[in-house]
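Here's the structure, in structure tokens; my notes come after.
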Amino acid sequence: MRVVQPLLGLQEIDSRIREFEQELKDIPARIAQEKKRLEGVLGQLANAQADFRTAQTRVDDLVADVKVRRDKIQKLKQEQSGLKSNNEYKMFNLQINALESEIEKLEAQQLIAMDNTIPVKRRVADAEERLSAEQAVIDDYVKEMEDRQAAVEAALKAAEQERAAFLPNVSEAMLRQYSLLLKKRWPVVVSLRRDGDRFICNGCHLVQPPSVGQMAMHDEDVVHCEMCGRILYTTESPAKK
Ligand SMILES: [Zn+2]
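What the sequence shown shows, in this note's numbering, is residues 1 to 241, in sequence order.
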């Protein structure tokens, strides 16, 4: 068994812990990303609703314009009944006729304006339908993510318990070195790569002095990379003399 074997065991547990922690960190971002899909549909709905309000206002304005003229006609007719001169009576008739022909035009415009609200109303309904479909997809996704989160939290807790149970296998001195490196390097324990008669750190890829390779092969104590400080090991044995 290599000197670093307990650390490799610990590192294997830590690699799972790190993956679980990373996944837990990513889940809220993934949910937020998914919810962003709603923004486009919400925008379409807001546009359609605004267009519908504009179209409906046009109809309402025309209805009000007609009412103003009808009221005016009614008033004119009341005054007309009290008139004595025939000329005045004719003048009133002219005004009433003019207003009636205005009303006719306005009512024609009103019909067109009402027709114009139909496609806009359909756009609103379509956007509402798309929104609720998207919302259903998102709700499913969020549910899935929450289930995943619960599973990962459980797995993380189990891995942490496994780590605690494994720690007695690691000497205090080794654990101290490993824990210090863990703060800035990952992985902490790496193999040496053989390149001819040279040994290269698989963490930072720097060629090691021959003494480092020799020490790693003799496997008597923990060996560190000269550059990155990672703990090194090799499965090679020293050449037999
Ligand atoms: Zn290195």
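Just so you know, even glycine gets a beta-carbon here, dropped at the ideal spot from N, CA and C.
Suppose you measure from the CA of residue i to the CA of residue j; what does that come to, to the nearest Å?
i: Leu83; j: Leu106; result: 29 Å
i: Asn93; j: Val66; result: 18 Å
i: Ala50; j: Gly43; result: 11 Å
i: Val188; j: Leu181; result: 6 Å
i: Glu128; j: Leu62; result: 28 Å
i: Asp248; j: Ile27; result: As displayed, the chain neither begins before 1 nor continues past 241, which places residue 248 out of reach and without an answer.
i: Lys241; j: Val4; result: Because the pLDDT of Lys241 is 49, which lies under 50, any placement of that residue in the model is unreliable, and the number read from its coordinates should be weighed accordingly. Roughly 25 Å between the two C-alpha positions.
i: Thr117; j: Ala46; result: 16 Å
i: Asn97; j: Ser85; result: 19 Å
i: Ala239; j: Glu21; result: 43 Å
i: Ala155; j: Pro168; result: 21 Å
i: Glu79; j: Gln109; result: 30 Å
i: Ser237; j: Arg30; result: 48 Å
i: Met174; j: Glu34; result: 44 Å
i: Ala158; j: Asp14; result: 12 Å
i: Val222; j: Gln149; result: 38 Å
i: His205; j: Thr235; result: 17 Å
i: Gln177; j: Ala151; result: 32 Å
i: Val207; j: Ser171; result: 28 Å
i: Glu160; j: Leu7; result: 15 Å
i: Met215; j: Gly9; result: 21 Å
i: His242; j: Arg163; result: Limits of the chain in this structure are 1 at one end and 241 at the other, which puts residue 242 out of reach.
i: Arg194; j: Ile17; result: 30 Å
i: Val59; j: Asn87; result: 38 Å
Look up residue i in the DSSP assignment and say whether it is helix, strand or coil.
i: His224; result: strand
i: Arg194; result: strand
i: Val170; result: coil
i: Leu206; result: coil
i: Ile13; result: helix
i: Leu232; result: strand
i: Val189; result: strand
i: Glu19; result: helix
According to the neighbour-count rule (16 or more other Cβ atoms, all chains shown, within 10 Å of its Cβ), is residue i buried or exposed?
i: Ile251; result: Residue 251 lies beyond the residue range present for the chain, which begins at 1 and ends at 241; the question has no answer from this structure.
i: Gly203; result: buried
i: Val137; result: exposed
i: Leu192; result: buried
i: Tyr89; result: exposed
i: Ala48; result: buried
i: Met1; result: exposed
i: Gly196; result: exposed
i: Leu111; result: exposed
i: Asp140; result: exposed
i: Asp219; result: buried
i: Ala165; result: exposed
i: Val190; result: buried
i: Val124; result: buried
When you compare each of the options to residue i by their alpha carbons, which one comes out closest?
i: Thr57; options: Met114, Gly9, Glu102 and Leu24; result: Met114
i: Arg185; options: Gln80, Gly229 and Met91; result: Gly229
i: Arg37; options: Val142, Arg123 and Tyr89; result: Val142
i: Glu134; options: Asp221, Glu39 and Tyr178; result: Glu39
i: Asp147; options: Leu8, Gly9 and Leu24; result: Leu24
i: Ala32; options: Val152, Met145, Tyr178 and Leu7; result: Met145
i: Glu19; options: Glu153, Ala64 and Ser81; result: Glu153
i: Ala64; options: Ile103, Leu76 and Asn87; result: Ile103
i: Phe199; options: Gln177, Val222, Asp221 and Glu226; result: Glu226
i: Glu100; options: Asp71, Val124, Arg123 and Val59; result: Asp71
i: Phe52; options: Pro6, Gln177 and Pro119; result: Pro119
i: Val41; options: Leu8, Gln11, Arg130 and Gly213; result: Arg130
i: Lys121; options: Thr54, Lys183, Lys77 and Cys201; result: Thr54
- request: When you get a sec, list the residues whose CB is within less than 6 Å of any heavy atom of ligand 1, chain order please.
  value: Cys201, Gly203, Cys204, Leu206, Cys225, Met227, Cys228 and Arg230
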